[in-house]
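Number of protein chains: 2
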Amino acid sequence: MKLYVIGIGPGGGEDMTLRAVNALKACDTLVGYPVYVDLVKPLFEGERVLTTPMKREIERCTMAVEQALAGHTVAMVCSGDAGVYGMAGLILEVAKGHPELDVEIVPGVTAALSGAAVLGAPLAHDFAVISLSDLLTPWETIAARLRAAAQADFAVCLYNPASKKRADYLHRACEILLETKSPQTVCAIVRNIGRQGESSRILTLEQLSQTPADMFTTVFIGNSMTKVIGGKMVTPRGYEARGTL
Amino acid sequence: MKLYVIGIGPGGGEDMTLRAVNALKACDTLVGYPVYVDLVKPLFEGERVLTTPMKREIERCTMAVEQALAGHTVAMVCSGDAGVYGMAGLILEVAKGHPELDVEIVPGVTAALSGAAVLGAPLAHDFAVISLSDLLTPWETIAARLRAAAQADFAVCLYNPASKKRADYLHRACEILLETKSPQTVCAIVRNIGRQGESSRILTLEQLSQTPADMFTTVFIGNSMTKVIGGKMVTPRGYEARGTL
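Those protein sequence lines, which keep their order, are chains B and D.
Residues 1 to 245, numbered by my numbering, are exactly what the first sequence covers, in order.
Residues 1001 to 1245, numbered by my numbering, are exactly what the second sequence covers, in order.
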């Protein structure tokens, strides 16, 4: 009884680790959100594919656990990493009480890393990852984390910066960051990382505050040392301050 | 003129993405710290291998840039991700003034993600990544970030928790976290992620404070919701609070 929770990276295919590909190939049943299932289907050698729509995560995880308990070798695929805002935790909660089920988490390249690589090296020093979705987290908690990250000068990566119902959340987040941070702070957005139509743009925090985002956007906010070098966003590790460069 | 900065994941081999493997295979010159070079050598098809010892990062990056400018196709390999405390930023700084050089950053699975997968899902909600090394960052900055992360209830992943010269840094960090966080907070350490002798241990923040660490250790500190489920460390995304599980 084996259930793999697999992070497939930003776009599947080339962005998967060899471990993720091998785990997928070992399975006879593939479970996931339809978009992610389609990304990895060319690498899947089994025949059973089960999907549930968005916001049906608990159903999806229950289905994966039930399939594995019924004797199938199951791959539950997640975009990016299996853990970071992924299904790994929920699978472990749903599988509680079934010690006979072997759950293996296969990590993947989350959007903070894949988006950073598109931009340069914005997260090369201490950073915080914050989701702006208040579906499962009160906005006050999100606001407190934004404030703390700004005050302690973390570089920040924002997931889920906006959706149709939350069109102004990125603007609200920027307003909080601007309480502490310079309006000239180097920021960037990346859209459709690793997929068709990938695009990115470097801009100031002031500009970011007026920029629309959607659920395909990942946002990067520099720390006070972040700069633009040859069109790339770079947060130094401190070698310059050390006087050695 | 092409220079790839490649994140090879925690242990190289199976932990690399297909993109990283393909980039490595396209190169005739391999540059890196000796341990990481050895991890990927079986996949490298060129003949020129150049290494520099630890703490000689600027030399290493300068060497990689010079080789690429001389016409070689160069792979600079980094453990984990290319950006997170990696060489990508330094390469871009060193390559400044050479727009003819094509630098491509290939992201990889950083220790925060690979260690999390070993433990369960400790970083499934907002988290902060902090290095305890004060070689390039003043301790006051590190302490302020620890304090901010604790106060805003981030899950936290600590890199470089100790070294021979900094034997008590993890203890000092825990003391700061304990100003705010419960001594019963669920924490964990993982050693040698993805390599021979990989091991992990879940423990309380109070116990962590008395636990030795070394440069092969990655440390995870839960938020106030983090719990142990079937021997795994899980930070919920909030489905339970929503009353749907």
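C-beta atoms are modelled at their ideal positions from N, C-alpha and C, and glycine is treated no differently.
When 8 Å is used as the limit between beta carbons, residue 1110 (chain D) is near these residues of chain B: 113, in chain order. Comparing C-alpha distances from residue 1133 (chain D) to each of D:1214, D:1222, D:1208 shows the shortest one belongs to D:1214. Under a criterion of Cβ atoms nearer than 7 Å, the residues of chain D adjacent to residue 96 (chain B) are, in order, 1229, 1230.
Within the region 1059 to 1090 of chain D, contact with chain B at the beta-carbon level (separation under 8 Å) is assigned to 1081, 1082, 1083, 1084, 1085, 1086, 1088, 1089, 1090.
Ranked by how close their Cα comes to the Cα of residue 1231 (chain D), the residues B:69, B:104, B:58 have B:104 in first place. Take the alpha-carbon of residue 101 (chain B) and the one of residue 1 (chain B): they are about 5 Å apart. If the five residues before and after residue 161 (chain B) are omitted, its C-beta is found closer than 6 Å to the C-beta atoms of 132, 170, 213, 217, 219, all from its own chain and listed in chain order. Contact between the region 28 to 36 of chain B and the region 118 to 137 of chain B is not established, with fewer than three Cβ pairs separated by less than 8 Å. Collapsing the DSSP output to three states places residue 152 (chain B) in coil. For residue 31 (chain B), the enclosing beta strand (DSSP E) covers residues 29 to 32. One alpha carbon belongs to residue 1180 (chain D), the other to residue 1156 (chain D), and they sit about 14 Å apart. Counting along the chain, residue 1084 (chain D) sits inside no beta strand (DSSP E), nor does DSSP assign it H or E at all.
If you check each beta-carbon in the region 1143 to 1165 of chain D against every beta-carbon of chain B, the ones closer than 8 Å belong to 1144, 1145, 1147, 1148, 1149, 1151, 1152, 1153, 1154.
Secondary structure in the region 161 to 198 of chain B: the beta strand (DSSP E) runs of 3 residues or longer, each lying completely within the stretch, are 186 to 191 in chain order.
Closest in C-alpha terms to residue 53 (chain B), from the list B:63, B:26, B:153, B:173, comes B:63.
Listed as beta-bridge partners of residue 61 (chain B) by DSSP are no residues whatsoever. Secondary structure at residue 114 (chain B): helix, using DSSP grouped into helix, strand and coil. Listed along chain D are 1014, 1015, each with a C-beta nearer than 8 Å to that of residue 19 (chain B). Among the CB atoms of chain D, none fall inside 8 Å of the CB of residue 46 (chain B).
Under the 8 Å criterion on CB atoms, residue 9 (chain B) is classed as interfacial with respect to chain D.
Of the other Cβ atoms in all chains shown, fewer than 16 fall within 10 Å of the Cβ of residue 1199 (chain D); this residue is therefore exposed. Counting the other Cβ atoms within 10 Å of the Cβ of residue 1182 (chain D) gives fewer than 16, which makes it exposed. The beta-carbon separation of residue 89 (chain B) and residue 7 (chain B), rounded to 13 Å, does not stay under the 8 Å limit for a contact. In terms of Cβ geometry, residue 25 (chain B) and residue 45 (chain B) form a close pair [threshold 8 Å]. Neighbours of residue 131 (chain B) in chain D, taken as residues whose beta carbon is under 8 Å from its own, are 1125, 1126 in chain order. Pairing residue 1172 (chain D) with residue 1074 (chain D), the inter-Cα distance amounts to about 41 Å.
Residue 1166 (chain D) and residue 1142 (chain D) have their C-alpha atoms some 14 Å from each other. Shown here, residue 106 (chain B) sits in a strand according to DSSP, grouped into three states. Against residue 1137 (chain D), the close residues of chain B are 238, in the order they occur along the chain (beta-carbon pairs closer than 7 Å).
For residue 1050 (chain D), the pairing in a beta bridge is given by DSSP as D:1031. For the region 1172 to 1204 of chain D, no residue has a beta-carbon sitting nearer than 7 Å to a beta-carbon of chain B. Using a Cβ distance threshold of 8 Å, residue 153 (chain B) and residue 223 (chain B) count as a contacting pair. A residue is called buried when at least 16 other Cβ atoms come within 10 angstroms of its Cβ; residue 107 (chain B) meets this threshold and is buried. Taking C-beta atoms under 8 Å as the contact rule, residue 1010 (chain D) and residue 1197 (chain D) fail to qualify, at a distance of about 13 Å. Residue environment for residue 1210 (chain D): exposed (fewer than 16 other C-beta atoms within 10 angstroms of its C-beta).
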